[in-house]
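A.B. asks:
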Amino acid sequence: MAKTKQEKLDLKAEKQYYKTHKKKQKLTVGDVIFNILNYAFFGIFTISCIFPFYYLFINTISDNSLVRIGAINFIPKGIHFQNYLSLLNAGEILDAFLVSASRTVIGTALMVVVSALAGYLMTKQEMWHRKIWYRFLVITMYFNAGLVPTYLNFLMLGLTENYLVYIIPAIVQPYNIILVKTYIESIPAELEESAFIDGASHMKIFRNIIWPLSKPILATIAIFGAVGHWNSFMDSILYMSGTPELQTLQHRLYIYLNQTTSLANIMQGGVSSSQAASAMASVMDAKTIKYTISMVTVIPILAVYPFMQRYFEKGIMLGAVKG
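Residue 1164 is where the sequence shown starts when you use this note's numbering, and the numbers rise one by one after that.
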């Protein structure tokens, strides 16, 4: 739609005002000092957040013999990528990576779909005993059966040593459903009313109107779900102790960390020179593997999160305005 002459003049006057105002504005000495301190503080804070990942990365691509003696601190030396290639040859690591990746994709997708459907359902006044079901959903956020009853329940349901234990319990997430419900309530009701007048069903409205308009909050809960699935290892420890091929990458990292600690304790307990040399070699190898696996577990989240960031802030704020 073309702008009127008056609108163009108003826009031109507004630009001229800001241009003139900007020229007149001068920074005082206090403003300059504040800006310097502000940039310095947040610069140091940013570096302190980035450095651990940088340290891990340079230790995974540097000469392993230098990594073993702790000679790599700031600059990589003897750069190579053999450590990452070696992981591909380690069957248990590759299997663990595939388990973590598959549960992240499948679990997150199902959780987002169920949260969207349940959140939309909770906004419908005609839902049978809507308030009771909603309160029941909220209660589950604060009360649970505990570890032992949960384990016994999964055992009786046949979910232990079963891949589905990663997926089924995490499909319904009360907090995410509440976020989606609150967000959907912020969508103008007139959109649904006009669709009803045209004869659209609830499912068609959800598919063609609610789902596209809810992308910011859905992306937000997708980040929550993906990070939770990818970083989770307690369920693998509790329910997959007898099935190594179904253990997650984080569980495998946990095992390597324990092996490193055990070998260090053996060395401190007093052993022969030959045993000490063998133990030392094993400890250092485990250290290199630990760094490499740690980096592998971090890379997917670092790669995906920047693309979801634009949805994250908008979704979490709009989804948390109302209770």
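Here a beta-carbon is modelled for each residue, glycine too, at the ideal position from N, C-alpha and C.
1. Which word fits TYR1468, buried or exposed, when buried means at least 16 other C-beta atoms lie within 10 angstroms of its C-beta?
2. DSSP on VAL1195, reduced to helix/strand/coil?
3. On a Cα-Cα basis, can you pick out the residue from ALA1363, ASN1339, TYR1297, TYR1454 that is closest to LEU1273?
4. Using a 10 Å radius around the Cβ and a threshold of 16 neighbouring Cβ atoms, would you call HIS1292 buried or exposed?
5. For SER1395 versus GLN1413, is the C-beta spacing smaller than 8 Å?
6. Between the alpha carbons of LEU1200 and VAL1461, how many angstroms are there, rounded?
7. Go to GLN1245, then tell me how far its alpha helix (DSSP H) extends in each direction, as first and last residue.
8. Apart from the five residues just before and just after GLU1324, which ones in its own chain have a Cβ nearer than 6 Å to its Cβ?
9. Find out if the Cβ-Cβ distance for the pair LYS1450, ARG1266 is shorter than 8 Å.
10. Under DSSP, the alpha helix (DSSP H) around GLY1388 begins and ends at which residues?
11. Do VAL1335 and VAL1277 have their beta-carbon atoms positioned less than 8 Å apart in this structure?
12. Determine the direct distance from the alpha carbon of MET1290 to that of SER1211, and round the result to whole angstroms.
13. Under three-state DSSP, which class holds ALA1442?
14. At which residues does the alpha helix (DSSP H) containing ASP1398 begin and terminate?
15. Within the segment 1262-1342, note down every full alpha helix (DSSP H) run reaching 4 residues or more, in order along the chain.
16. Report buried or exposed for MET1397, applying the criterion of at least 16 other Cβ atoms within 10 angstroms of its Cβ.
17. Inspect the beta-carbon positions of MET1304 and PRO1332 and report whether they are closer than 8 Å.
18. What does a CB cutoff of less than 8 Å around LEU1257 pick up in its chain, not counting 5 residues either side in sequence?
19. Going straight from the alpha carbon of PRO1283 to that of THR1345, what length do you get?
20. From what residue to what residue does the alpha helix (DSSP H) around LYS1367 run?
21. Count the other C-beta atoms from every protein chain shown that fall within 10 angstroms of the C-beta of VAL1328, then say buried if there are 16 or more, exposed otherwise.
22. By the 10 Å Cβ neighbour count, where 16 or more other Cβ atoms means buried, how is GLY1309 classified, buried or exposed?
23. Output the distance between the C-alpha atoms of ILE1400 and LEU1318, rounded to the nearest integer angstrom.
24. Among TRP1393, ILE1464, VAL1275, SER1457, which residue has its Cα nearest to the Cα of VAL1262?
25. Could you check whether the segment 1216-1227 touches the segment 1363-1374, counting it as contact only if at least three pairs of C-beta atoms, one from each stretch, sit closer than 8 Å?
26. Cβ of GLY1388 within 8 Å of Cβ of THR1209?
27. In its own chain, which residues sit with a C-beta less than 6 Å from the C-beta of SER1436, not counting the 5 before and 5 after it?
28. Which first and last residues belong to the alpha helix (DSSP H) in which ILE1360 is found?
29. Rounded C-beta distance between ALA1279 and LEU1376? I'm assuming under 8 Å.
C.D. replies: Walking through what the data contain:
1. Here residue 1468 refers to the residue found at position 305 when the sequence shown is read from its first residue. Its Cβ having fewer than 16 others within 10 Å, TYR1468 is exposed.
2. Along the sequence shown, one-based indexing puts residue 1195 at 32. It is helical.
3. For the purposes of this step, residue 1273 is taken as residue 110 along the sequence shown, with counting starting at 1. Comparing Cα positions, the closest option is ASN1339.
4. To locate residue 1292, count along the sequence shown from 1; it is residue 129. Exposed, because fewer than 16 other Cβ atoms sit within 10 Å of the Cβ of HIS1292.
5. Numbered from its first residue, the sequence shown carries residue 1395 at position 232. Numbered from its first residue, the sequence shown carries residue 1413 at position 250. Yes, Cβ-Cβ distance for SER1395 and GLN1413 is below 8 Å.
6. In the sequence shown, residue 1200 corresponds to position 37, counting from 1. In the sequence shown, residue 1461 corresponds to position 298, counting from 1. Roughly 31 Å separates the two Cα atoms.
7. Here residue 1245 is taken as the residue at index 82 of the sequence shown, counted from 1. Element bounds for GLN1245: 1245-1252.
8. Here residue 1324 corresponds to residue number 161 of the sequence shown, with the count starting at 1. Cβ within range, chain order: GLY1405, THR1406.
9. Taking the first residue of the sequence shown as 1, we reach residue 1450 at position 287. Taking the first residue of the sequence shown as 1, we reach residue 1266 at position 103. Going by C-beta atoms, LYS1450 is not nearer than 8 Å to ARG1266.
10. Taking the first residue of the sequence shown as 1, we reach residue 1388 at position 225. Counting along the chain, the alpha helix (DSSP H) containing GLY1388 begins and ends at 1378-1394.
11. Position 114 of the sequence shown, counted from the start, is the residue given in the question as residue 1277. Position 172 of the sequence shown, counted from the start, is the residue given in the question as residue 1335. Cβ distance < 8 Å, so VAL1277 and VAL1335 count as in contact.
12. By 1-based counting over the sequence shown, the position of residue 1211 is 48. By 1-based counting over the sequence shown, the position of residue 1290 is 127. Looking at the two C-alpha atoms, the distance is approximately 50 Å.
13. Walking along the sequence shown from the start, residue 1442 turns up at place 279. Here the model assigns ALA1442 a pLDDT of 47, short of 50, so the residue's position is not dependable, and the following value carries that caveat. Three-state result, ALA1442: helix.
14. Position 235 of the sequence shown, counting from 1, holds the residue named residue 1398. Unbroken alpha helix (DSSP H) run through ASP1398: 1397-1402.
15. 1293-1302, 1310-1320
16. Walking along the sequence shown from the start, residue 1397 turns up at place 234. Flag for MET1397 reads exposed.
17. Numbered from 1 along the sequence shown, position 141 holds the residue referred to as residue 1304. Numbered from 1 along the sequence shown, position 169 holds the residue referred to as residue 1332. Against a cut-off of 8 Å, the Cβ pair of PRO1332 and MET1304 comes out as no contact.
18. As a working mapping, residue 1257 is identified with position 94 in the sequence shown. For LEU1257, where only same-chain residues beyond five positions count, the Cβ hits under 8 Å are LEU1250, LEU1251.
19. Locating residue 1283 in the sequence shown gives position 120, counting from the first residue. Locating residue 1345 in the sequence shown gives position 182, counting from the first residue. Looking at the sequence itself, residue 1283 is Tyr, so the reference to Pro does not match. Each residue's alpha carbon lies about 9 Å from the other.
20. Taking the sequence shown and counting its residues from 1, one reaches residue 1367 at position 204. From DSSP, the alpha helix (DSSP H) with LYS1367 extends over 1365-1368.
21. Translated into the one-based positions of the sequence shown, residue 1328 becomes position 165. Buried, because 16 or more other Cβ atoms sit within 10 Å of the Cβ of VAL1328.
22. Here residue 1309 refers to the residue found at position 146 when the sequence shown is read from its first residue. By the 10 Å Cβ count, GLY1309 comes out exposed.
23. The residue given as residue 1400 occupies position 237 in the sequence shown. The residue given as residue 1318 occupies position 155 in the sequence shown. Answer to the nearest angstrom: the Cα atoms are 14 Å apart.
24. Along the sequence shown, one-based indexing puts residue 1262 at 99. When only C-alpha atoms are compared, the closest one is TRP1393.
25. no
26. The residue labelled residue 1388 in the question sits at position 225 within the sequence shown. The residue labelled residue 1209 in the question sits at position 46 within the sequence shown. Contact flag unset, no.
27. In the sequence shown, counting from the first residue as 1, residue 1436 sits at position 273. Reliability fails at SER1436, whose pLDDT of 47 lies under 50, so the model's placement of it is uncertain and the value that follows must be treated cautiously. The answer is none, since no qualifying residue turns up.
28. If you number the sequence shown from 1, residue 1360 lands on position 197. Counting along the chain, the alpha helix (DSSP H) containing ILE1360 begins and ends at 1352-1360.
29. Here the question's residue 1279 lines up with position 116 in the sequence shown. Here the question's residue 1376 lines up with position 213 in the sequence shown. In fact, because the Cβ distance is near 11 Å, the residues do not count as touching under 8 Å.
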